[in-house]
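*Asks:*
There are 2 protein chains.
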Amino acid sequence: MAAHTDPRYLRSRAAILDASRDLLVELGPTAVTHAQVAERAGVGRATVYRHWPRSDQLLGEAMATVPLPFFDAPTVPARDWLRAELTALARQLEHDTVRAVATTLANSALWDANMDARRERFASILMERLAAALEGAHKRGEITLSTDPRSAAALAIGPLHYRSTIEHGDIDADLVEAAVNAVGTWR
Amino acid sequence: MAAHTDPRYLRSRAAILDASRDLLVELGPTAVTHAQVAERAGVGRATVYRHWPRSDQLLGEAMATVPLPFFDAPTVPARDWLRAELTALARQLEHDTVRAVATTLANSALWDANMDARRERFASILMERLAAALEGAHKRGEITLSTDPRSAAALAIGPLHYRSTIEHGDIDADLVEAAVNAVGTWR
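If you read the protein sequences in the order shown, they are chains C and U.
Anchor point for the first sequence: position 73 equals 69 in the working numbering, and the numbering is continuous, going up by one each time.
Anchor point for the second sequence: position 80 equals 76 in the working numbering, and the numbering is continuous, going up by one each time.
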C-alpha cells in the first residue's frame, strides 16, 4: 500500500480522473478509453492501466463524480421531454462500457458498501428527478399518473435497462414510446 | 486441474448440484444454502464451500439447469394470470440471493461466454413465453398490445427488475399493476 501515499502515484491518479471526467462530459462515455485518457492526462497508457485495468472501472469512477446528465431540466410539454430524455438514455445504454458500468454497479453493490452508496446515489437522483418532473406535469393537467410518482423511474427506465442489460437488444422508438406511456395517461 | 478428473470430486459435485436443484424446486431459492445442500447431498459443508464458495454461485448453477417456473402456463383471463406471475416473480426478486444471481449473470455475461449463454437462455425464454401468452390474449380480444409482443418482457419485467437490482426497494402491488398495464390496453 506504500505506493498509495507516493506523491507521483497520487498525482497521476488525479490527472487520470480529471481527464476521464472531461472526456465523459465533452465527448460521452465512448471517449473514456485508456488511450484517450492517457493522452489528455499527459501520462503513459501503462500508467492508466496500472490504476484502472478495465475501461469500465475507469468510466464508473468518472461517472460517480460527474453530475448525471439525465432528467435534470424538465421542459413543457413533459411528454416530449420524457421521450427525448429516455431516447438519450437509451443511446447511452447501448454502449458496452455503459452496460458494464451499470451491471458492475448493481452487482458489486451487493457486497461493497462504497459501490452500494454509488448505486443508491444514482437510483435516488433518477427517482427524485422523474418524480418531480411528473408531479409538475400532473399539476399542469398534462398527465394522470398511474402510480406513486416515485415509481416513474422504475416504469420508464426499467424496460430500457432490462432490454440493455438482460436482453442485450436494441432500444427502439416503440419501446421508448411504450415506456413514456407506462407512467400514466397523457392528455 | 487434476482434482477435476478425480472421481470423488466429480461425484460430490454431481451430488451437490442434484441436491441444489431439488431444494430449489421443492422449497425455493432461500433453501439453497451451504448447510441444507450439504445435508441433502450427504457431504460435508466444507465440501460444498470448496466447489461453490458463494451461495449465489451455487444457486445460479442450479437455476441454469432447472426449468424456469415463470410464465410457463398461461390461463384466461390473461390479465389475472400476468398479475399473478409478476407477483410471484416479484417475491423471488426480493431475495438477496436471487438479486445476486440476476446481477452476477448480467455482469459476468459481458466477458464470460458461458454466462452469456445462460443470460441469453433466460432472456429468450421469458421473452418468448410472454409474447406467446399476450398474442393469445390479443387474439381473444382481451388486450390491444402497445408494442411488438416481444417487448412485453422488457415492459412488464423491466420495472420489477429495476426496482429490485437498482433501487433495492419493495415491489408493491401498485408497481405490479402498472407493469401489467404497460404491455397494452386491457379490455
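Virtual Cβ for every residue (Gly too), placed ideally from N, Cα, C.
Which residue wins for smallest C-alpha separation from C:Ala178, given the options C:Trp77, C:Arg114, C:Ser160 and C:Ser147?
*Replies:* If we check each option's Cα against that of C:Ala178, C:Ser147 comes out closest.
*Asks:* Check whether the Cβ atoms of C:Ala15 and C:Arg41 lie closer than 9 Å to each other.
*Replies:* No, the pair does not count as a contact, with Cβ atoms beyond the cut-off.
*Asks:* Counting only Cβ-Cβ distances shorter than 9 Å, please list the residues of the stretch 99 to 113 of chain C near chain U, keeping chain order.
*Replies:* Under the 9 Å Cβ criterion, the stretch 99 to 113 of chain C contributes Thr99, Thr100, Leu101, Ala102, Asn103, Ser104, Ala105, Leu106, Trp107 and Asp112.
*Asks:* Specify whether the stretch 85 to 93 of chain C and the stretch 127 to 138 of chain U touch according to this definition: at least 3 beta carbon pairs, one from each stretch, less than 8 Å apart.
*Replies:* They do not touch, by the three-pair rule.
*Asks:* Please identify, using Cβ separations under 8 Å, the residues of the stretch 12 to 38 of chain C that lie next to chain U, in order along the chain.
*Replies:* If the cut-off is 8 Å between Cβ atoms, the stretch 12 to 38 of chain C has nothing near chain U.
*Asks:* Quickly, what does DSSP pair C:Trp182 with across the bridge? List them, please.
*Replies:* Note: C:Trp182 sits in a beta bridge opposite C:Ile139.
*Asks:* Taking the CB atoms as reference points, tell me whether U:Leu142 and C:Ala149 lie closer together than 9 Å.
*Replies:* Sequence check: residue 142 of chain U is Ser here, not Leu. Contact: no.
*Asks:* Thinking C-beta only, is U:Ala60 closer than 9 Å to U:Glu28?
*Replies:* According to the sequence as given, residue 28 of chain U is Val; it is not Glu. No, the pair does not count as a contact, with Cβ atoms beyond the cut-off.
*Asks:* Is it buried or exposed, C:His157, if we count other Cβ atoms within 10 angstroms and call 16 or more buried?
*Replies:* Classification of C:His157: buried, given that the 10 Å Cβ count is 16 or more.
*Asks:* Taking only three categories from DSSP, how would you classify U:Trp48?
*Replies:* Of the three classes helix, strand and coil, the one that applies to U:Trp48 here is coil, per DSSP.
*Asks:* With DSSP run on the structure shown, which of helix, strand or coil describes U:Trp107?
*Replies:* Coil at U:Trp107, not helix or strand.
*Asks:* Determine the DSSP secondary structure at C:His57, reduced to helix, strand or coil.
*Replies:* First, the residue type needs correcting, since residue 57 of chain C is Glu and not His in the sequence shown. Three-state DSSP puts C:Glu57 in a helix.
*Asks:* Tell whether a beta-carbon distance below 9 Å holds between C:Ala109 and U:Asn103.
*Replies:* No, the pair does not count as a contact, with Cβ atoms beyond the cut-off.
*Asks:* Considering Cα atoms alone, identify which of C:Phe67, C:Thr71, C:Val72 and C:Val94 is closest to C:Glu81.
*Replies:* Nearest of C:Phe67, C:Thr71, C:Val72 and C:Val94 to C:Glu81, Cα basis: C:Phe67.
*Asks:* Given that a residue counts as buried once 16 or more other Cβ atoms are within 10 Å of its Cβ, and exposed if not, what is U:Asp52?
*Replies:* Answer is buried; the Cβ neighbour count reaches 16.
*Asks:* Could you give the C-beta distance for U:Ile187 and U:Thr99, rounded to a whole number, given that I count them as a contact under 8 Å?
*Replies:* Examination of residue 187 of chain U is not possible in this model, given that chain U is present from -3 through 183 alone.
*Asks:* By DSSP, does C:His134 sit in helix, in strand, or in coil?
*Replies:* Reduced to three states, the DSSP call for C:His134 is helix.
*Asks:* List, in order along the chain, the chain C residues whose C-beta lies closer than 8 Å to that of U:His157?
*Replies:* What U:His157 touches in chain C: Gly154, His157, Tyr158 and Ile162.
*Asks:* Let's test the definition: count the other Cβ atoms within 10 Å of the Cβ of U:Leu78 and tell me whether it reaches 16, buried, or not, exposed.
*Replies:* With 16 or more other Cβ atoms within 10 Å, it is buried.
*Asks:* What whole-angstrom Cβ distance do U:Val39 and U:Ser8 have, given they're in contact under 8 Å?
*Replies:* That pair is a contact at about 5 Å.
*Asks:* According to DSSP, simplified to helix, strand and coil, what is U:Gly154?
*Replies:* Residue state, collapsed to three classes: helix.
*Asks:* Give, in chain order, every unbroken run of the alpha helix (DSSP H) that is at least 4 residues long and sits entirely within the stretch 78 to 127 of chain U.
*Replies:* DSSP runs (the alpha helix (DSSP H)) wholly in the stretch 78 to 127 of chain U: 92 to 104.
*Asks:* Would you report the Cα separation of C:Met(-3) and C:Leu6, rounded to the nearest angstrom?
*Replies:* Only weak support is given to the placement of C:Met(-3): the predicted model assigns it a pLDDT of 44, under 50, and the question is left unresolved by the model.
*Asks:* Residues in the stretch 167 to 178 of chain U with C-beta within 7 Å of chain C's C-beta atoms, listed in sequence order?
*Replies:* Under the 7 Å Cβ criterion, the stretch 167 to 178 of chain U contributes Asp170, Leu171, Ala174, Asn177 and Ala178.
*Asks:* Output needed for U:Gly165: all residues of its chain with C-beta closer than 8 Å, excluding positions within five of it in sequence on either side, in chain order.
*Replies:* Contacts found: Arg159.
*Asks:* Closest to U:Asp144 by C-alpha separation, out of U:Ala69, U:Glu124, U:Thr26 and U:Phe118, would be which residue?
*Replies:* Minimum Cα distance to U:Asp144 is reached at U:Glu124.
*Asks:* Let me confirm a value: C:Arg261 is counted as buried when at least 16 other C-beta atoms fall within 10 Å, else exposed. Which label applies?
*Replies:* Nothing about residue 261 of chain C can be reported from this structure: the residues present for chain C run from -3 to 183 only.
*Asks:* So, for C:Met111: in the same chain, excluding its five sequence neighbours on each side, which residues have a beta-carbon less than 7 Å away from its beta-carbon?
*Replies:* Excluding residues within five positions, the ones whose Cβ falls inside 7 Å are Leu101, Ser104 and Ala105.
*Asks:* For U:Pro25, which residues from the same chain have a beta carbon less than 7 Å from its beta carbon, with the 5 sequence-adjacent residues on both sides left out?
*Replies:* Cβ within range, chain order: Leu55, Gln88, His91, Thr93 and Val94.
*Asks:* Compile a chain-ordered list of the residues in the stretch 116 to 137 of chain C whose CB is closer than 9 Å to at least one CB of chain U.
*Replies:* Within the stretch 116 to 137 of chain C, the residues whose Cβ lies closer than 9 Å to some Cβ of chain U are Glu116, Phe118, Ala119, Ser120, Leu122 and Met123, listed in chain order.
*Asks:* Measuring straight from C-alpha to C-alpha, what distance separates U:Ala128 and U:Ile121?
*Replies:* Near 11 Å, if we compare the C-alpha coordinates of U:Ile121 and U:Ala128.
*Asks:* From U:Gly154 to C:Ile153, what does the alpha carbon distance come to, in whole angstroms?
*Replies:* Going by the C-alpha atoms only, they are around 8 Å apart.
*Asks:* Could you tell me which chain C residues have their CB closer than 8 Å to the CB of U:Thr143, listed as they occur along the chain?
*Replies:* Asp170, Leu171, Glu173 and Ala174, listed in chain order.
*Asks:* Going along chain U, which residues have a C-beta under 8 Å from C:Arg4?
*Replies:* None at all; the shortest Cβ gap to chain U is about 31 Å.
*Asks:* Given this structure, state the Cα-to-Cα distance separating U:Leu85 from U:Leu64, to the nearest angstrom.
*Replies:* Their Cα atoms are separated by approximately 11 Å.
*Asks:* Can you name, in chain order, every residue of its own chain whose Cβ lies under 6 Å from the Cβ of U:Leu151, other than the five neighbours on each side?
*Replies:* Result list for U:Leu151: Ala178 and Val179, in chain order.
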